[in-house]
Each structure stands twice: as C-alpha cells, then as structure tokens.
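So the protein lines, in turn, are chains C and L.
If you read the first sequence in our numbering, its first letter stands for residue 148, the second for the next number, and so on.
If you read the second sequence in our numbering, its first letter stands for residue 990, the second for the next number, and so on.
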Amino acid sequence: AQTVTQSQPEMSVQEAETVTLSCTYDTSENNYYLFWYKQPPSRQMILVIRQEAYKQQNATENRFSVNFQKAAKSFSLKISDSQLGDTAMYFCAFMKGSGGGADGLTFGKGTHLIIQP
Amino acid sequence: NAGVTQTPKFRILKIGQSMTLQCTQDMNHNYMYWYRQDPGMGLKLIYYSVGAGITDKGEVPNGYNVSRSTTEDFPLRLELAAPSQTSVYFCASSYPPGLASGNEQFFGPGTRLTVL
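Structure, rendered in structure tokens:
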C-alpha cells in the first residue's frame, strides 16, 4: 500500500512571498503519478499540478512548480508570488500507474496555507 | 458541460436511516470514484468503478454500497447510517490512465452528511 505524508499542518506567509509545501511518499511501484490538489473554503477540489514519475523534468504551471526527487520519494510544491486567492488546503496525492489507476488517489492529510495581506 | 454533479449538498440523517448520494458526470468518463473526507484529513477511497456494471472496493467500503448501471451515474448507498459516517463525500471521474488527460480526476462539489 502507498502512503503520503505532509508534515506541515499549517503554513502562513505574506502576500507576494514564495512558499514551499512538503510531501513525501512511500511506494514500491516504479510507475506512478503525483498530484497537488487545492481545496479552498468552497470545498471544491482543484488540480494544481501533476507529475509523471517517468519524467525527470519537474512540472510547472505558471506560479506553481514542483521539486520531484524520485530517489528520495519527495514531491514538494513551490508557489511563487503568492496571492490571497492561494489561501486553501493543499493536498498531495499519489496514483499507481499499473492497474489502470482504478484504485484511485491516495491523499496526504493536507497543509493549510494562509496568505497574509 | 456541467462536469461532475452531486446531490444533495447537505443532509442530516438519524442513526439507522438509509440514503443514496447521487453522482452524475457528463464527460463520458469510464472511471468513477467515491471518496470521503473526515475533518482534518485527506480523502479516502470508498468505492470505484471502471465502467458500467463494474465496481470494486476501495480503502474504506464498510457500510456503503454502489452500483453503476450507466456511464454517467454512480450512486453511493448508505445502509443503517452510523455517526462514524459523518463526513464530506466526494464523487470524481476520469478517463483511463495513459490518455492525454494525464490521469486528472474531476471532482464534484461534495455532500456534507451528518449522522445524529
């Protein structure tokens, strides 16, 4: 079974600062996918960024980027130029590549990110 | 294109009652999922389906049942509700992994269920 660990229950930064959220995972799989989801107070789950384990290049999406260290089983999320709208819960998630992904996502417990004005 | 819709948004049940949470998607996704999110926790998989007529258990299936008679609908049935089932329930759907969508799961807005 896979496990996902997010060691920072809550983080707070000033607007426009850069913040990094940590995530580690444990798996015996070689083929898998990693995701960061954002959950604002509206409760909607929103995909922020994804990474295929077979790709060495770190994924980027505008102000969001990841540092994927496969050997260390680490998958951190960096948010640059943070904005008030980034305030939310952030979940790291894992999906097996084998088995067709049918067994869904395994989530960490989340990090509550607060952007201060 | 409404995406994934869930009804109801909120519900209060008494212990021992039953109910069905509805989930519908209009993206023609084969894969559908039910998760629950307890306070301060990430989501946990209850059941999933890879297509009409095919369902299987996830990590926390006890106390729940599902069916998948069409591609669009994936209802979750709670039998004999218990306080431990108080949670927020999310339905999600996706294409099979490996397609251009990159395995993204699309989530519904959730149903907040309280069992008293």
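We put the beta carbon where it would ideally sit given N, CA and C, even for glycine.
Classify residue i as helix, strand or coil using the three-state DSSP reduction.
i       : result
G232/C  : helix
S223/C  : strand
S1007/L : coil
S1056/L : coil
Q980/L  : Missing from the structure shown is residue 980/L; chain L here goes from 990 to 1105 and no further.
L1067/L : strand
L1002/L : strand
L1102/L : strand
Report the residue from the options whose alpha carbon sits nearest the alpha carbon of residue i.
i       : options                            : result
G257/C  : P264/C, G251/C, F241/C             : F241/C
V1065/L : P1072/L, S1056/L, A1071/L, S1073/L : Position check: residue 1065/L holds Leu in this sequence, whereas Val was assumed. For the residues P1072/L, S1056/L, A1071/L, S1073/L, the minimum Cα distance to L1065/L belongs to S1056/L.
W1023/L : N1017/L, R1000/L, L1010/L, P1072/L : L1010/L
V1039/L : I262/C, G251/C, I261/C             : G251/C
F238/C  : P187/C, N177/C, D228/C             : P187/C
F1063/L : A1071/L, T1044/L, S1007/L, T1075/L : T1044/L
G1029/L : Q153/C, N178/C, S212/C, Q263/C     : Q153/C
C1012/L : P1085/L, S1058/L, A1071/L          : S1058/L
E1068/L : A991/L, S1083/L, N1051/L           : N1051/L
L1105/L : P1085/L, T1075/L, K998/L           : T1075/L
P264/C  : S159/C, T150/C, V151/C             : S159/C
S1082/L : Y1036/L, K1003/L, E1048/L, I1004/L : Y1036/L
E1093/L : M1021/L, A1070/L, N1054/L          : M1021/L
L260/C  : K243/C, T171/C, Q161/C             : Q161/C
H1018/L : N990/L, Q995/L, T1060/L            : T1060/L
T174/C  : I196/C, A218/C, S189/C, Q155/C     : A218/C
What does DSSP give as the partner residues of residue i in its beta bridges?
i       : result
D1062/L : T1013/L
G1040/L : I1043/L
K243/C  : Y179/C
Q216/C  : S221/C
L260/C  : M158/C, A235/C
T994/L  : T1013/L
Y1024/L : L1034/L, F1079/L
V151/C  : Y172/C
For my contact list, residue i and residue j are in at a C-beta cut-off of 8 angstroms; report their separation, rounded to the angstrom.
i       : j       : result
Y180/C  : E208/C  : About 15 angstroms; that fails the 8 angstroms criterion.
Q1014/L : V1077/L : About 18 angstroms; that fails the 8 angstroms criterion.
L194/C  : F182/C  : 6 angstroms
C1080/L : Q1006/L : Not a contact, Cβ separation roughly 21 angstroms.
Y172/C  : F222/C  : 7 angstroms
A163/C  : S229/C  : 6 angstroms
F1096/L : Q191/C  : 7 angstroms
Complete runs of the beta strand (DSSP E) confined to the stretch 155 to 213 of chain C [at least 3 residues]: 157 to 161, 166 to 168, 171 to 173, 179 to 186, 193 to 199
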